Amino acid sequence: MIEVEQLTKRFGAVEAVRGVSFTAADGRITGLLGPNGAGKTTTLRLLYTLLRPDQGRIRVDEVDALADPVAARARLGVLPDSRGLYRRLSARENIEYFGRLQGLDAVSLRQHTDELIERLGMQDIAARPTEGFSQGQRVKTAIARALVHQPQNLVLDEPTNGLDVMATRALRRFLLELKAEGRCILLSSHIMQEVAALCDHIVIIAQGRVAAAGSPDELRAQAGESSLEEAFVKLIGSEEGLAA
Amino acid sequence: MKRTATAIGTGWWTVFVKEVRENLRDKRVLVAALLYGPLLGPVLFAAMMGFILGKQQEESTKPLELPVMGVEHAPGFVDWLRRQGVVVEPPLDDAEAAIREQREDVVLRISADYGSAWSQGQPARVDLLFDSSRLPAQTKVSRVEALVQGYASTTASLRLRVRGVDPSLLNAVQLVRQDQSTPQSRGAMLLAMLPYFLVLSAFVGGMYLAIDTTAGERERASLEPLLITPVSRARIMSGKLLATALFALASLVICVIAFVVSMRFIPVAELGLSVDLGAATLAQLLLVVAPIALLASSAQTVVASFAKSFREAQTYLQFLLLIPAIPSILFAINPTRPEPWMEIAPLFSQAVHINQLLRGDPVGLATLLLAALVTTALATLLAGVAVRLYQREQLALGG
Chain A
1 MIEVEQLTKR FGAVEAVRGV SFTAADGRIT GLLGPNGAGK TTTLRLLYTL
51 LRPDQGRIRV DEVDALADPV AARARLGVLP DSRGLYRRLS ARENIEYFGR
101 LQGLDAVSLR QHTDELIERL GMQDIAARPT EGFSQGQRVK TAIARALVHQ
151 PQNLVLDEPT NGLDVMATRA LRRFLLELKA EGRCILLSSH IMQEVAALCD
201 HIVIIAQGRV AAAGSPDELR AQAGESSLEE AFVKLIGSEE GLAA
Chain B
245 MKRTATAIGT GWWTVFVKEV RENLRDKRVL VAALLYGPLL GPVLFAAMMG
295 FILGKQQEES TKPLELPVMG VEHAPGFVDW LRRQGVVVEP PLDDAEAAIR
345 EQREDVVLRI SADYGSAWSQ GQPARVDLLF DSSRLPAQTK VSRVEALVQG
395 YASTTASLRL RVRGVDPSLL NAVQLVRQDQ STPQSRGAML LAMLPYFLVL
445 SAFVGGMYLA IDTTAGERER ASLEPLLITP VSRARIMSGK LLATALFALA
495 SLVICVIAFV VSMRFIPVAE LGLSVDLGAA TLAQLLLVVA PIALLASSAQ
545 TVVASFAKSF REAQTYLQFL LLIPAIPSIL FAINPTRPEP WMEIAPLFSQ
595 AVHINQLLRG DPVGLATLLL AALVTTALAT LLAGVAVRLY QREQLALGG
């Protein structure tokens, strides 16, 4: 479970995040939806402790992430905005490197890596150097390395960016499997359809603030619109930056 | 989930092993660290030294080949030259052009009125054609000058004697040139540059890693995932720095060994260097240069940390390559005895000690250790700076 309260982050004169609060529960997929530049990536970077907030609280499974960032990171699997791989290492070696950095022992490392390679259907590419991988193969590898320590919580920043339809469907299926295992999944997106199709709980972010939050039904009711798309536009107050 | 606390504590080792393994697969890195970096210096040095020494020896000992124009005007003089061992070559069509086009270094031209001037006891004219801007011709010019002067004074003495005058009256002052230069001092400039050739190899050997582990990580967007693992940034940086230092050290060690081996094939004794360096000297040399591996890695990592791309970092680091040349250049320009502080100051101490060791001069172990310590201290300080730079928030943002 991930809880954030009143997060604030300022870069010079720009106030990127202005008091964001939400909870991402276990066994649920929570989506941060908002136009580009709304503060989604910064919010995620704050909660996976890459950046330090100016104000606010972050809890990951009861661990205070600001007081003990190392313990919080160990409970988080993160697919960040940057998903560069080491191109002279094979996909398996990329995954194992992060497993070692997470402190896995040799036996668990082997087990977890084998399992992820199988679940993500990476058997044919596991031994290949990642140089020349397709976007889909890169994302798979990046997700596997984020999950190699079997974290309870998974944070994904725009996970389907650049993926084709087949890869997107495969990724959705995989996220639903993880949800069924009772994990907490938090993803950001600027694509309404994706959030609507996948998320149990939606947090709409605009201009660094939470504009609205709730299940898709709740959001429709809140806006008084029958279509989710109209509800989003109404709640955000503009169509700008959102993709259908 | 099984997790060993020690594994996170030794995260630097994981980073170190990965960096070494990954870079061993990169041909560019291997060529730079194991071939180009370490061998460039010794090869360059051997070539320069072989050329300079070979040239000097050759010019001063081999028979003098001299094209002479107008042999028919002074058969006596030319016979005398031949008796002095000069190989008199046939005249040329255009002596001036031959000099200009560097086909000949020196040409002697006997003037047509030589004979008549000679028989009247007047100075007989002989022209010496050469190009003073050509250094290799200098030795030949002085040899010919000396020969002509010798013939002239011998003849003058004879003439005076015939007239009953003591020839020594002409020499009110006798100037005797006593050149105190030795091959060693003539090669001093080259010798002063020698430590740079060794130190340079550390910089070349570690360069790619220093860039790859900093600017490279940012450019390929692999830094953010790395920074959100439970391993602290200081440990990540330590692992990266040590990997860079390992490649720099490998380059240095190969360089020193290559140098010691190549000394057997070049006439280093002419420069006053010991030809046969024992294992003890080799060990001392390695002690002198090893801290440079760490110094080069930290300095390069610090500089590369400011760059956003591989190319940008490469540009910065090329300037850094010139810094270790400073002590060597100073010693080359002003070859005085080193000041006491130079014995321990980083880069200076290596320049001083490498020369002393190669000459076979005794160097105190305490001094060597102190110098190594000072260099290591500076390297550690720079490593600290590199870690600080790694802690910056902007680094994570890739901006």
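Sequences listed follow chains A and B, in order.
When the count follows the working numbering, it moves up by one through the first sequence with no breaks and lands on 244 for the last residue.
When the count follows the working numbering, it moves up by one through the second sequence with no breaks and lands on 643 for the last residue.
Glycine included, every Cβ here is placed at the ideal spot set by N, Cα and C.
This structure is a prediction, so every number in the text was calculated from the model and none was measured.
Residues bridged to E15 (chain A) [DSSP beta-bridge criterion]: Bridge partners of E15 (chain A): A:R10.
Grab the span of the beta strand (DSSP E) containing F374 (chain B) for me, first residue to last. Taken as a continuous stretch (DSSP letters only), the beta strand (DSSP E) holding F374 (chain B) covers 370-374.
What does G224 (chain A) reach in chain B if we use C-beta pairs closer than 9 Å? Here the premise fails: no neighbours, minimum Cβ distance about 40 Å.
Under 8 Å between C-beta atoms, does L496 (chain B) make it to chain A? Chain A, which has no Cβ nearer than 8 Å to the Cβ of L496 (chain B), makes this no.
Assuming Y86 (chain A) contacts E468 (chain B) under a Cβ cut-off of 8 Å, what Cβ separation, rounded to an integer in Å, is found between them? In fact, because the Cβ distance is near 14 Å, the residues do not count as touching under 8 Å.
Give the range of the alpha helix (DSSP H) segment to which A142 (chain A) is assigned. For A142 (chain A), the uninterrupted alpha helix (DSSP H) run begins and ends at 135-147, by DSSP.
Straight-line gap, G103 (chain A) to H149 (chain A) (C-alpha atoms, nearest Å): Going by the C-alpha atoms only, they are around 8 Å apart.
In the structure shown, what three-state DSSP assignment does E194 (chain A) receive? E194 (chain A) falls in the helix class under three-state DSSP.
Only counting the same chain, and skipping five residues up and downstream in sequence, which positions put a Cβ closer than 6 Å to that of R479 (chain B)? Once the five neighbours on either side are set aside, the close Cβ partners of R479 (chain B) are G255, W256.
Candidates A:V210, A:F174, A:R92, A:I204: which alpha carbon is nearest E229 (chain A)'s? Looking at the Cα atoms, A:I204 is the closest of the given residues.
Is the distance from the Cβ of L538 (chain B) to the Cβ of T620 (chain B) below 8 Å? T620 (chain B) is positioned such that its CB atom lies closer than 8 Å to that of L538 (chain B).
Tell me which residues share the same chain as M245 (chain B) and place their Cβ nearer than 7 Å to its Cβ, disregarding the 5 neighbours each side in the sequence. A caution first: M245 (chain B) carries a pLDDT of 45, below 50, which makes its placement in the model unreliable, though a value can still be read off. The same chain holds no residue with a CB closer than 7 Å to that of M245 (chain B) once the five nearest residues on each side in sequence are set aside.
Figure out for me which residue from A:G31, A:R183, A:I58, A:L163 has the closest Cα to the Cα of L198 (chain A). When each option's Cα is compared against that of L198 (chain A), the closest is A:G31.
Spell out whether any CB of chain B is found under 8 Å from the CB atom of R88 (chain A). Yes, because at least one Cβ of chain B sits closer than 8 Å to the Cβ of R88 (chain A).
So, is Q55 (chain A) buried or exposed, given that buried needs 16 or more other C-beta atoms within 10 angstroms? Q55 (chain A) should be labelled exposed.
Residues of chain A with CB closer than 8 Å to the CB of D270 (chain B), please, in chain order. Against chain A, the beta carbon of D270 (chain B) has neighbours under 8 Å at R88, listed in chain order.
Can you say whether P568 (chain B) is buried or exposed, counting buried as having 16 or more other CB atoms within 10 angstroms of its CB? Buried, since its Cβ has 16 or more Cβ neighbours within 10 Å.
Pairs of beta-carbons, one from the stretch 307-316 of chain B and one from the stretch 325-336 of chain B, closer than 8 Å: are there three or more? A contact between stretches requires three or more CB pairs, one per stretch, nearer than 8 Å, and the stretch 307-316 of chain B meets this requirement with the stretch 325-336 of chain B.
Helix, strand or coil at T248 (chain B) [DSSP, three-state]: Caution applies to T248 (chain B), whose pLDDT of 48 falls short of 50 and renders its modelled position unreliable; the value that the coordinates give is listed next. Residue state, collapsed to three classes: coil.
Which residues of chain A have a Cβ atom closer than 8 Å to the Cβ of L471 (chain B), listed in chain order? What L471 (chain B) touches in chain A: L50.
Residues near F575 (chain B) in its chain [Cβ-Cβ closer than 7 Å; skip 5 each side]: The residues are A436, A595.
In this structure, does DSSP put G77 (chain A) in helix, strand or coil? If DSSP states are grouped into helix, strand and coil, G77 (chain A) belongs with the strands.
Thinking C-beta only, is E461 (chain B) closer than 8 Å to S553 (chain B)? In this structure, S553 (chain B) sits away from E461 (chain B), with a CB-CB distance that is not shorter than 8 Å.
Three-state secondary structure assigned by DSSP to P131 (chain A): Rather than Pro, the amino acid found at residue 131 (chain A) in this sequence is Glu. DSSP places E131 (chain A) in the coil class of the three-state scheme, outside both helix and strand.
For Y395 (chain B), which residues from the same chain have a beta carbon less than 8 Å from its beta carbon, with the 5 sequence-adjacent residues on both sides left out? Result list for Y395 (chain B): F321, W324, L325, in chain order.
Taking C-alpha atoms, which residue in B:G449, B:Q346, B:L438 lies nearest to M292 (chain B)? When only C-alpha atoms are compared, the closest one is B:L438.
Any chance the stretch 408-415 of chain B sits against the stretch 499-506 of chain B, with 3 or more Cβ pairs inside 8 Å? In this structure the stretch 408-415 of chain B does not lie against the stretch 499-506 of chain B, because fewer than three pairs of beta carbons, one per stretch, are closer than 8 Å.
Going along the chain, which residues of the stretch 601-627 of chain B sit with their C-beta nearer than 8 Å to a C-beta in chain A? For the stretch 601-627 of chain B, which is checked against every Cβ of chain A, not one residue is closer than 8 Å.
Consult DSSP for F550 (chain B) and reduce its assignment to one of helix, strand or coil. Shown here, F550 (chain B) sits in coil according to DSSP, grouped into three states, outside any helix or strand.
Hey, could you find the ends of the beta strand (DSSP E) R353 (chain B) is sitting in? Its beta strand (DSSP E) spans residues 350-354.
Relative to chain B, which residues along the stretch 92-108 of chain A have a C-beta separation below 7 Å, given in chain order? Those would be Y97, F98, R100, L101, Q102, G103, L104, D105, S108, in chain order.
If I'm right that L163 (chain A) touches Q135 (chain A) with Cβ under 8 Å, what's the distance once you round it to whole angstroms? About 6 Å; that satisfies the 8 Å criterion.
Can you tell me which of the three DSSP states G643 (chain B) falls into? Interpretation of G643 (chain B) is limited by its pLDDT of 41, a score under 50 that renders its predicted location unreliable; no figure is taken from the coordinates.
List the whole-angstrom C-beta distance separating R128 (chain A) from S90 (chain A), where the pair is believed to meet the contact cut-off of C-beta under 8 Å. Yes, they are in contact, since the Cβ atoms of R128 (chain A) and S90 (chain A) sit about 6 Å apart, within 8 Å.
What did DSSP end up calling A244 (chain A) once you bin it into helix, strand or coil? Legend: pLDDT at A244 (chain A) = 48, less than 50; position of this residue unreliable, value from coordinates given subsequently. Taken through DSSP and simplified to helix, strand or coil, A244 (chain A) comes out as coil.
Integer Cβ distance of L434 (chain B) from T488 (chain B), believed to fall under 8 Å: Not a contact, Cβ separation roughly 31 Å.
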